[in-house]
Each structure stands twice: as structure tokens, then as C-alpha cells.
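Colleague:
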Amino acid sequence: MCGIFGVVSSGDSVIPTLLTGLQKLEYRGYDSSGIAIINNEGKIEVKKSEGKVERLCEVVDDSKMSHSTVGIAHTRWATHGVPGLKNAHPIRTNNVVVAHNGIIENYNLLKKGLEERGMSFHTDTDTEIIPNMLTLYLDEGLSPIDSLFKCLNNLHGSFALVLLFAEYPDALFVAKRNLPLAIGYNCNTVFAASDSNALSAFVERISHLEDDDIAVIKSSGVSIYNNGTQVKRSIENSSPSDFLISKNGYPSFMLKEIFEQPRALNKTINQFYKQYKEVIFANKKLFSELSYITIVGCGSSYFAGLIAKYWLENVAQVRVYLEISSEFRYSNVKLEEGSIGLFISQSGETADTIEALRYAKSQKQTIISITNTFSSSIEKISDIVLHTLAGPEIGVASTKTFSAQLATLACFAVELGKIKGVLGGERIKQLSNAINSIPEYVEHVLNVMKIQHISDSILEHNNVILIGRGSSYGVAMEGALKIKELSYINTTGIAAGEMKHGSIALIDSTVLVIAIIPYDDLFFKTLSNIQEIIARKGKVIAFSDKQGAPFLRGVCADVVELPDTDNFISPIIYSVAMQFLAYFTAAKKGLDADCPRNLAKSVTVE
Numbered sequence: 000m001c002g003i004f005g006v007v008s009s010g011d012s013v014i015p016t017l018l019t020g021l022q023k024l025e026y027r028g029y030d031s032s033g034i035a036i037i038n039n040e041g042k043i044e045v046k047k048s049e050g051k052v053e054r055l056c057e058v059v060d061d062s063k064m065s066h067s068t069v070g071i072a073h074t075r076w077a078t079h080g081v082p083g084l085k086n087a088h089p090i091r092t093n094n095v096v097v098a099h100n101g102i103i104e105n106y107n108l109l110k111k112g113l114e115e116r117g118m119s120f121h122t123d124t125d126t127e128i129i130p131n132m133l134t135l136y137l138d139e140g141l142s143p144i145d146s147l148f149k150c151l152n153n154l155h156g157s158f159a160l161v162l163l164f165a166e167y168p169d170a171l172f173v174a175k176r177n178l179p180l181a182i183g184y185n186c187n188t189v190f191a192a193s194d195s196n197a198l199s200a201f202v203e204r205i206s207h208l209e210d211d212d213i214a215v216i217k218s219s220g221v222s223i224y225n226n227g228t229q230v231k232r233s234i235e236n237s238s239p240s241d242f243l244i245s246k247n248g249y250p251s252f253m254l255k256e257i258f259e260q261p262r263a264l265n266k267t268i269n270q271f272y273k274q275y276k277e278v279i280f281a282n283k284k285l286f287s288e289l290s291y292i293t294i295v296g297c298g299s300s301y302f303a304g305l306i307a308k309y310w311l312e313n314v315a316q317v318r319v320y321l322e323i324s325s326e327f328r329y330s331n332v333k334l335e336e337g338s339i340g341l342f343i344s345q346s347g348e349t350a351d352t353i354e355a356l357r358y359a360k361s362q363k364q365t366i367i368s369i370t371n372t373f374s375s376s377i378e379k380i381s382d383i384v385l386h387t388l389a390g391p392e393i394g395v396a397s398t399k400t401f402s403a404q405l406a407t408l409a410c411f412a413v414e415l416g417k418i419k420g421v422l423g424g425e426r427i428k429q430l431s432n433a434i435n436s437i438p439e440y441v442e443h444v445l446n447v448m449k450i451q452h453i454s455d456s457i458l459e460h461n462n463v464i465l466i467g468r469g470s471s472y473g474v475a476m477e478g479a480l481k482i483k484e485l486s487y488i489n490t491t492g493i494a495a496g497e498m499k500h501g502s503i504a505l506i507d508s509t510v511l512v513i514a515i516i517p518y519d520d521l522f523f524k525t526l527s528n529i530q531e532i533i534a535r536k537g538k539v540i541a542f543s544d545k546q547g548a549p550f551l552r553g554v555c556a557d558v559v560e561l562p563d564t565d566n567f568i569s570p571i572i573y574s575v576a577m578q579f580l581a582y583f584t585a586a587k588k589g590l591d592a593d594c595p596r597n598l599a600k601s602v603t604v605e
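For the sequence shown, numbering that gives the first Met the number 0 assigns the number 0 to the initial residue and increments by one for each residue that follows.
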């Protein structure tokens, strides 16, 4: 992975558009990039660079690439082969060049067979088998389309491909299986991309290919085939928008997105009550008889599910089984027919979550998905979709999409509690008021400047532990993930009550502990755990509220006071504080918070 882009025009050079397209894909995370065209002599030209797309632009300018009306481009996040020019895409033979998103699972076997037939390999990637195999089939006299069909039949795995054939200088070829690939239309120019957001600035209409589709794209039109038969795919109107262009004066997209949270939360909450409340009520019979829910997600989405587990079990009195997507997919657990699987993915394209969803669907589960992306792969195979309205998120680390997921899950928990008749009228009113107040409280947190100073304490330590109880345990886990992925400091989230069951052995004067401790029913339990840490010379910084702070001052090394809130919504408020803390820690280390090393925004491989 990570992103692919292709263009065919009726006359204009596509090189500037290819480079702009790659800039639209930068937010997904990558380590190298490249473009390929067919020049006026019918020869393939390829240019690549390590690092930012900005560097590729310089390489292209310096090389004076030929005018071309067809081309492909790629941003790479390494899966097979180390990052670098050698393994950067596009990858070519003399007559075929390909950019590939995904993984070819049987590439070792295929590579061995191709080598036995005299084909040479010059990279460490799984991708290189594709142009080599196609070259063999072309040499046997097959057409490009027949070569592609034969090639795809040999490939195991998930992939999206954009290809050029030297003998067809006016055509772009694309194919997909299990990964997204969209075609965009605008006058006499046709585009293809792995991310429909990347097309939004260019196109008026868009269509989404289905699995095992192969398309031949020319400026005059598109022909789509599946299993040897020509097919049609629906074309939808697309409102052109300028995606991913401005930080609006902020030093990073991540900081901009942290400050966008009050608005994103307000929009998400309002949409839930205007639209999704009715959707849930329309399925009242399903929800009223519900005994348990399985929540599935990866990374931050998993931790959103962890917090939701506490909400659903306490507010709606529904048992929750929480699963990591990549583990659940292969668990072979027997699920009760007719129960609910709740799948969380900000992109709607997370490969592990999609496969886990398909597994649950095969066991006749009703599928609810929460995603920030419209027309995603997950949406298409779900029974009920609850969209968050966070807007495009460019920073690799989830911020506003995470808080919007939590807001949606909080609304869902309350509605489920109402349907099941386990909430009294007064408590329903309290919870509804609390949810509606979330944007205001988040705005307050964004003005707590002390958080910025606390990041200095993190920089003084090589090992950091975050602790919390109840739903604050989920905040601790998410906060630890944020700090480690942005600042590269070894950070661990632990349930506060579990410290004495092993992890307290790590505590000495060199370890920093951050306690998530709102004044709730578990406050004094967590305070006891803090005392145990301090007794072993650990340094503790507490994040609490106006009610809890007096008990912590004089005990902890420092206390960050957040606003008093209903304990139901405190995980959202404290999560935003952890995002702030992680951001400032990375910024003070001089690190790029938008693009942490080795990470991708949308993880489309298993």
C-alpha cells in the first residue's frame, strides 16, 4: 500500500495532475512515491523519490519528463521490501508498468515459477510478479485485457492496480479485488484512484468498481469487464471540493483537527438525533430483544469500542464482547444468529475490520458500522451505517474522528437504554443534556494551557505509563497509543487496578505515570493505586476535575484540572486532553505530528 492514482486526458499533459493527485493522497502515510507515463515514442518513463511528494516534484522538474496524456502514480508504505528507491512504485518491465496497493499472498510461489521461465526480478516487492507475468502473457500473443484476466486468476490476496501497456499509449488499465478503486469523470479527462477523496477536487461524477472488475480507461470512455463479460457500474454525481489543501494557519493538520473537534462533535451529535435515532427506533424489535453486542475495531477504533463497552453495559445493560479485528477474523468463534456486530473504522476501508465483518456476516449477524467516510467498502456490506461528520482527517493519528466515534457511541448507548427500558426519565434527560454539552466542554479543554507544559515532563522520561479505571481505562489506552505513535516514547496503558498484579515491578524514580482520574465512583480506588506507585518512588501526574483535584494536590507531582462533567461523557473530554498532550510532546521533539514514521492513515492490508 498506500495510494494509487491514474489519469487519461484528451490532450493535456497529465504529469501536473498526477503530482497533484499524489499530494491529495499524502495524508494516508507513505515512505516513497513515483509516477510513470508513456512518451511520444511509445516508451515507458518512470520517476521515483524517497520521502515527500514535494521531492518527487523536484525530481520530475529536473528530469524534464516528456509530455504525455496518460500516466499512473503511487505513494508507497512498505509491506514487502524495505523503503527506498529500489522498491518504490511504479514497477515496470519494458512494456508494462504497474502501481499496486495491497498484498499478493502467494507471490513467493509465483515468483519461483516466473524465474524458472526466465523472468528477472530487480526489487524485493510482491508487486513485481505482476508486470513480469503480464509480459509473459503478452509475449504469448494475449491482449492486455486477456493477460490481465489470466494474471488476476493467479493472484491470491487483496489488491488495487493501475497499469500502462507501452503498445497502448492512450489507455489506462485498472483492476481490483477486496480493496477500493474509484473512477472519476470530468469532461475529456478520466481519473482512477484508490481513495475517492483524492478525486473530489477533479471530478464531477464518480463510480466505484466491484471485486474482480477490470477497466480499460480512455479519454473517450470506459469499458468495464468482470469474468470476461462487459458490465456497467453506476455513476454518481460528485461535488468537486478542494480536499487537503490548507492548515488554515496552524503548524500542522493534527493541531488544526484537534481544534476542529467542537464543530465536528456538534455536527455528529445533531445528525444522530435528526437521522439515526429514527433508524434505531425502526429496528426497535431487534434492539429490545438484544442480550449482547460484539464490538470490533483496530487501533483507536478498538479503544473507542473499549470505552463504549463500559457505556453499553452500564447505561443499556447489554453485555459487550470486545474484539480486535485481526484476531476476531481468525477466531472461529460461534456467534448467536441474529445478534449484533458493531464495527468501527474511520476510513471504512480497514482490511482487518472488513474481513472480520464478512466473517460476522457469514454467521448471520446484523451489522452496524460506524465510519467517517461515505460510500466506503464497510458501508456497502453493513445493514445499518452510523456516519460521523468529522470531515476529512489528514493527520495520521486519529483525533476528531475518534471523538466523533465516541459521541456516536454515547448517543447509541442512550438510545439502546431507552429502547430496553432500563433508563428512567430523569436519567435520560441528564444523559441527553450531557451529550449536548460535549462540544462546549471540549472547547474548554482546548484552552487548558497547562497541558502544553506537562509535555515537558514526558520528554524527561524514556518510559511512561497511563492508568485509569472503568471507561478511563479506555482513555489511558488511547492516550498511550497517541503518545507512542507521535513521540516514539515507550508508553503503556494499564488498568489502574492491574498495576499491583505485575506492572508495578516497572516502577522506580525513572518512570512517569499519568493517571486519568475524574471524580467518579472509582476515584478513591484509583487514588489508592496512585499512592502505591508513589510509595515506590514513581512520579505521578494526574488529570482530574475541580472536585477531584483537591484530593490529588500534595500527593501527585502535578495535577491538570479539567472541567467537572457528567461522568458519562468524561472519556471524550479526557481523550481530547491526551491528544493535546501527545501533540505537544511530539512538537517539542521536533517531530512531524501529521506523518509519524512507519504509520499509514488507512491500513488496507491484513
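All C-beta atoms, glycine included, are put in the ideal place defined by N, C-alpha and C.
Taking Cβ positions, are LEU137 and ALA174 nearer each other than 7 Å?
Modeller: No, the Cβ-Cβ distance between LEU137 and ALA174 is not below 7 Å.
Colleague: Determine the DSSP secondary structure at TYR167, reduced to helix, strand or coil.
Modeller: Note: TYR167 maps to coil in three-state DSSP.
Colleague: Taking 7 Å as the cut-off, decide whether the C-beta atoms of ASP544 and ASP563 are in contact.
Modeller: Yes, the pair counts as a contact, with Cβ atoms nearer than the cut-off.
Colleague: Between which two residues does the beta strand (DSSP E) harbouring ASN489 extend?
Modeller: Start and end: 489-494.
Colleague: Whose C-beta lies closer than 7 Å to the C-beta of LYS483 among residues of the same chain, with five residues either side of it excluded?
Modeller: The residues are ASN489, THR490.
Colleague: With three or more C-beta pairs closer than 8 Å as the rule, is the stretch 152-169 touching the stretch 96-111?
Modeller: With the cut-off at 8 Å, the stretch 96-111 and the stretch 152-169 touch.
Colleague: Just how far apart, CA to CA, sit VAL45 and ILE34?
Modeller: Each residue's alpha carbon lies about 6 Å from the other.
Colleague: Could you spell out where the alpha helix (DSSP H) holding ILE503 opens and where it closes?
Modeller: Premise fails: ILE503 is in no alpha helix (DSSP H) and is neither H nor E.
Colleague: Using C-beta distances below 6 Å, list every residue in its chain close to ILE418, excluding the 5 sequence neighbours before and after it, in chain order.
Modeller: Closer than 6 Å at the Cβ level, and outside the excluded window around ILE418, lie LYS283, PHE286, SER287.
Colleague: Can you pull the DSSP bridge partners for LEU607?
Modeller: An answer regarding residue 607 cannot be provided, because it is not within the stretch 0 to 605 covered by the chain.
Colleague: What's the gap between the Cα of LEU243 and the Cα of LEU385?
Modeller: With a pLDDT of 48 at LEU243, under the threshold of 50, the modelled position of that residue is not reliable, and no figure is offered here.
Colleague: Put PHE373 into one of helix, strand or coil per three-state DSSP.
Modeller: Coil, per DSSP.
Colleague: Going by Cα to Cα distance, which pick from ILE380, LEU480, VAL559, HIS500 is closest to ALA514?
Modeller: Checking every option, the nearest Cα to that of ALA514 belongs to VAL559.
Colleague: Pairs of beta-carbons, one from the stretch 45-65 and one from the stretch 110-118, closer than 8 Å: are there three or more?
Modeller: Cβ pair count under 8 Å is below three, so no.
Colleague: Can you tell which of ILE90, ILE144, LEU151 has the C-alpha that lies nearest to the C-alpha of LEU616?
Modeller: No statement about residue 616 is possible, as the shown extent of the chain runs from 0 to 605 and does not include it.
Colleague: Considering LEU422, what are the terminal residues of the alpha helix (DSSP H) in which it resides?
Modeller: Per DSSP, LEU422 belongs to no alpha helix (DSSP H) and is neither H nor E.
Colleague: Evaluate MET448 with the Cβ neighbour count: other Cβ atoms within 10 Å of its Cβ, from every protein chain shown; 16 or more gives buried, anything less gives exposed.
Modeller: Exposed.
Colleague: Is GLU335 helix, strand or coil by DSSP?
Modeller: Note: GLU335 maps to coil in three-state DSSP.
Colleague: Under the three-state reduction of DSSP, which class applies to ASP455: helix, strand or coil?
Modeller: Residue state, collapsed to three classes: helix.
Colleague: List the residues that DSSP assigns as beta-bridge partners of GLY70.
Modeller: GLY70 pairs with VAL6, ILE36.
Colleague: Using the three-state DSSP reduction, which class does ASN187 fall into: helix, strand or coil?
Modeller: ASN187: coil per DSSP, three-state reduction.
Colleague: If you count every other CB in all the chains shown that lies within 10 Å of the CB of SER324, and 16 or more means buried, which is it?
Modeller: Buried, since its Cβ has 16 or more Cβ neighbours within 10 Å.
Colleague: Run through DSSP, which three-state label would LEU133 get?
Modeller: Helix.
Colleague: Any idea which residues DSSP pairs VAL384 with across the strands?
Modeller: SER368, per the DSSP bridge assignment.
Colleague: So for GLN229, helix, strand or coil by DSSP?
Modeller: Of the three classes helix, strand and coil, the one that applies to GLN229 here is strand, per DSSP.
Colleague: Helix, strand or coil for LEU243 per DSSP?
Modeller: Unreliable positioning characterises LEU243 in this predicted model, as indicated by a pLDDT of 48, which lies under 50. The coordinate reading is nonetheless provided below. Coil, per DSSP.
Colleague: Across the stretch 572-583 and the stretch 451-459, are there enough close Cβ pairs to call them in contact, namely three or more that are closer than 8 Å?
Modeller: Output reads yes: the stretch 451-459 touches the stretch 572-583.
Colleague: DSSP on ASP125, reduced to helix/strand/coil?
Modeller: Of the three classes helix, strand and coil, the one that applies to ASP125 here is coil, per DSSP.
Colleague: With ALA389 and THR267 assumed to form a contact (beta carbons below 8 Å), what rounded beta-carbon distance in angstroms separates them?
Modeller: Contact holds; Cβ gap of about 7 Å.
Colleague: Kindly give me the distance between the Cβ atoms of ALA433 and PRO595, rounded to whole angstroms, as I take these residues to be in contact under 8 Å.
Modeller: Going by Cβ atoms, the distance from ALA433 to PRO595 rounds to 33 Å, so no, they are not a contact pair.
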